[in-house]
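For the sequence shown, numbering that gives the first Met the number 0 assigns the number 0 to the initial residue and increments by one for each residue that follows.
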Amino acid sequence: MVGNNDLIIETKNIRKTFPGVTALDNVNFKLKKGEIHALIGENGAGKSTFIKILMGVHKMDKGDIFFEGDKVNIKNPLEADKIGLAAVYQHMITAPLLTVAENIFLGRQPKKNGLIDWKKMNQDAKEILEDLNMDINPKVRLNKLSNVQRRMVVIAKAISKDAKVIIFDEPTAQLAEEETEELHDKIKMLKEKGISIIYISHHLEEVFEICDRVSVLRDGEHVGTEKVDDITEDDLIAMMVGRDVGELYYKEDIKKGKELLRVENLERDSELSDVSFSLHEGEVLGVYGLLGAGRTELVRSLFGAEPITGGKIIIEGEEVKIDNPSQAINNNIGLLPEDRHEEGVALLQSVNDNCNVVSSKFSARYGVLNKKVERETTRKNIEDLNIKTPSINQLVKNLSGGNQQKVVIAKWINANSNILLFDEPTVGIDVGAKKEIYVLMSELLKEGKGIIFVSSYIPELMEICDRIMVLSRGKMTGIVEKEDFDQEELLYLATRE
């Protein structure tokens with residue numbers, strides 16, 4: 000039993016609704032002082048809504064929030080700041096062209112004679128960074144830092160505001176393994192300093208790595224809270240989905256067909272050099288490499304977003320020129336990008352608009368779009384792909400991450416794309432949604448499509464791919480057949496010069 004004097008945050012009966020959706024229903028949650036508390040659940044379970052209520056972004060319909068025993072009314076993010084709440088979001092809001100020190104003290108710069116005291120600001124930032132064992136120059140621009148260093152700066156900003164609670168929302172998304180370990184070390188250090196942590200992640204192994212307790216949300220309700228030492232990963236999955244999902248990875252043995260794509264000696268400025276491979280109907284070709292290996296650059300080059308500067312792209316036996324995405328689309332290539340929010344979907348447009356944005360030219364009649372055909376197509380997408388949405392007119396920003404990914408896939412299905420480039424398609428989506436993506440991939444392979452699958456997670460690649468191509472510093476260091484898959488071998492190839 001947790002005593003009230005042990006708590007820093009307690010919520011009682013939090014309820015929040017949006018049009019047609021109950022996002023949270025009587026959620027009770029307790030965060031102890033100085034603990035790392037995981038908050039997990041499928042996409043759409045209510046995690047983001049709950050956090051946004053704590054941070055003053057959303058207003059709850061009913062319920063109470065207590066901070067250090069006192070009832071509080073957090074009307075906006077500024078009030079969350081004042082009481083000691085801070086958040087490190089997956090999609091961080093930073094000023095990349097400003098320095099590290101400027102980002103830490105943005106809006107709170109120390110002044111001297113009415114002007115910014117640059118010397119004091121840089122010194123204060125330096126002391127905060129050193130106290131957190133962060134080897135970062137406070138005078139360098141933020142855009143010169145790595146992903147993990149940028150997250151460190153956001154942590155430093157929270158510390159500069161005397162934060163008592165820091166919320167981490169998918170903090171390791173798009174981080175390499177060594178960067179994840181570095182971030183986890185910093186989070187453990189924060190705990191040692193008495194700071195309480197709410198840790199949101201779809202990577203269950205991370206929950207067991209650094210968390211003390213874990214709370215599960217499902218369909219907007221609090222399912223339960225357990226000590227991490229008293230529960231297994233299978234128990235957590237069952238709590239999250241309310242059912243046994245069986246084996247997570249799903250891959251049918253599908254007969255390979257003709258060659259869809261052949262790449263010979265591909266080059267892209269200094270980013271890619273001498274990359275050659277092929278892709279067949281019904282095949283998943285994995286792409287693995289460490290941070291900076293050129294994985295994303297490769298698929299973006301094939302899609303024409305970053306055109307190649309040398310080599311050949313051959314589709315179904317004919318050499319083609321792909322200098323822009325339109326040429327890629329005309330050659331039946333589709334890209335599910337690493338950052339779906341920036342490049343994959345139009346968040347402020349409807350599910351219907353997103354599903355048909357590429358294929359609309361096919362449903363035009365006499366120069367006028369056939370809206371009826373588009374609506375019928377979208378409804379079929381929703382049924383076939385199990386897209387959870389109350390309406391085809393729902394804005395995509397209101398969908399969960401897994402359902403947003405399905406909308407991107409629907410877009411390329413409707414465009415008749417046979418060569419699908421999936422760049423980290425399961426990052427930031429929950430266990431159930433991952434399983435659905437894998438099942439959907441098998442259905443696409445049965446139709447004769449080929450998939451190039453980029454992932455930084457070796458177990459995922461080894462389970463769902465037929466072959467794995469490894470890149471290191473922009474060069475292909477090997478292609479490994481399924482019968483030869485070995486984690487150590489893949490890591491060895493990824494570190495070869």
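Where is the CB? At the ideal position from N, CA and C, for every residue including glycine.
Item to complete: Spell out the partners DSSP gives Ser195 in its beta bridges.
Response: Val164
Fill in: Three-state secondary structure assigned by DSSP to Phe207
Helix at Phe207.
Worksheet entry | Beta-carbon proximity list for Gly62, same chain, < 7 Å, skipping 5 on both sides | Thr10, Lys11, Asn12, Ile13, Arg14
Worksheet item: Quick one: is Val215 buried, meaning 16 or more other Cβ sit within 10 Å of its Cβ, or exposed?
Response: buried
Discussion item. Pop quiz: Ala140 and Leu105 are said to be a contact at Cβ under 8 Å. What is the actual Cβ separation, rounded to whole angstroms?
Written reply: Here residue 140 turns out to be Arg, not Ala, going by the sequence shown. No, Arg140 and Leu105 are not in contact; Cβ-Cβ is about 14 Å, not under 8 Å.
Worksheet item: What three-state label does DSSP hand Leu38 in the structure shown?
Response: strand
Item to complete: May I ask you to list the residues that DSSP assigns as paired with Ile328?
Response: Bridge partners of Ile328: none, in fact.
Item to complete: Pull up the CB-CB distance for Gly219 and Asp429, whole angstroms please, since I reckon it's below 8 Å.
Response: So it is not a contact: roughly 14 Å between Cβ atoms.
Practice prompt. At 4 residues or longer, and completely inside the region 452-495: list those alpha helix (DSSP H) runs for me, N to C.
Written response: 457-463, 486-493
Worksheet item: Any idea what DSSP makes of Thr376, helix, strand or coil?
Response: Under the three-state reduction of DSSP, Thr376 is assigned to helix.
Worksheet item: Could you give the distance in angstroms between the alpha-carbon of Glu34 and the alpha-carbon of Ser358?
Response: 50 Å
Fill in: Arg212 - containing beta strand (DSSP E), residue span
212-217
Practice prompt. Taking only the alpha-carbon atoms, compute the straight-line gap between Ala292 and Asn102 and give it to the nearest angstrom.
Written response: 29 Å
Worksheet entry | Candidates Gly193, Arg294, Gly281, Asn413: closest to Asn331 by CA position | Asn413
Worksheet item: If we ignore side chains and look at the alpha-carbon of each, how far apart do Asp60 and Leu419 end up?
Response: 43 Å
Item to complete: Quick one: give me the first and last residue of the alpha helix (DSSP H) that Gly400 is part of.
Response: 400-413
Discussion item. Buried or exposed for Lys410, going by 16 or more other Cβ atoms inside 10 Å?
Written reply: buried
Item to complete: Find the nearest neighbour of Glu181 within the set Lys156, Ile209, Ile52, judged by alpha-carbon distance.
Response: Ile209
Fill in: Cutoff 8 Å; reference Val26; Cβ partners in own chain excluding five residues on either side
Thr10, Asn12, Ile13, Arg14, Gly45, Phe49, Gly62, Leu216, Gly219, Glu220, His221
Worksheet entry | Coil, strand or helix - Tyr437 by DSSP | DSSP places Tyr437 in the helix class (H, G or I) of the three-state scheme.
Practice prompt. Could you check what DSSP says for Ser47 in three-state terms: helix, strand or coil?
Written response: helix
Worksheet item: Closest to Asp500 by CA distance: which of Asn392, Lys185, Pro95, Leu384 is it?
Response: Given that the chain is displayed from residue 0 to residue 496, the structure contains no residue 500 and the question cannot be resolved.
Worksheet item: Which ranges would you report for the beta strand (DSSP E) in the region 259-337 if only whole runs of at least 3 residues count?
Response: Every beta strand (DSSP E) stretch that sits fully inside the region 259-337 and reaches 3 residues is listed by chain position as 271-279, 283-287, 309-314, 317-319, 332-335.
Fill in: Under 8 Å between C-beta atoms of Met188 and Glu41
Using a Cβ distance threshold of 8 Å, Met188 and Glu41 do not count as a contacting pair.
Worksheet item: Using the beta-carbon count (16 or more within 10 Å), is Leu347 buried or exposed?
Response: Leu347 comes out exposed.
Discussion item. Alpha carbons only, please: which of Glu251, Pro170, Asn369, Leu394 is nearest the one belonging to Lys439?
Written reply: At residue 439 the sequence reads Leu, which differs from the Lys that was named. Each of Glu251, Pro170, Asn369, Leu394 was checked against the Cα of Leu439, and the nearest Cα belongs to Glu251.
Worksheet item: Is there a Cβ from chain D that is less than 8 Å from the Cβ of Gly193?
Response: In the structure shown, chain D cannot be found, because there is only a single protein chain.
Item to complete: Tell me His340's beta-bridge partners as DSSP assigns them.
Response: In the DSSP output, where bridge partners are listed per residue, His340 has none listed.
Worksheet item: Helix, strand or coil: which one does DSSP assign to His202?
Response: coil
Item to complete: Put Asp507 into one of helix, strand or coil per three-state DSSP.
Response: Coverage of the chain is limited to positions 0 through 496, which leaves residue 507 absent and any answer about it impossible.
Worksheet item: Nearest to Leu278 by alpha carbon, out of Gly288, Leu290, Glu480, Val262?
Response: Val262
Worksheet item: Under 8 Å, do Thr171 and Glu129 count as touching if we go by C-beta distance?
Response: no
Discussion item. Measuring only the C-alpha atoms, how far is Leu384 from Gly113?
Written reply: 59 Å
Fill in: Alpha-carbon spacing of Phe17 relative to Ala94, whole angstroms
31 Å
Item to complete: May I ask you to list the residues that DSSP assigns as paired with Lys61?
Response: Arg14
Discussion item. Between which residues of its own chain and Ser471 is the CB-CB distance below 8 Å, once the five residues before and five after are set aside?
Written reply: Gly288, Leu289, Ala292, Leu492, Ala493, Thr494, Arg495, Glu496
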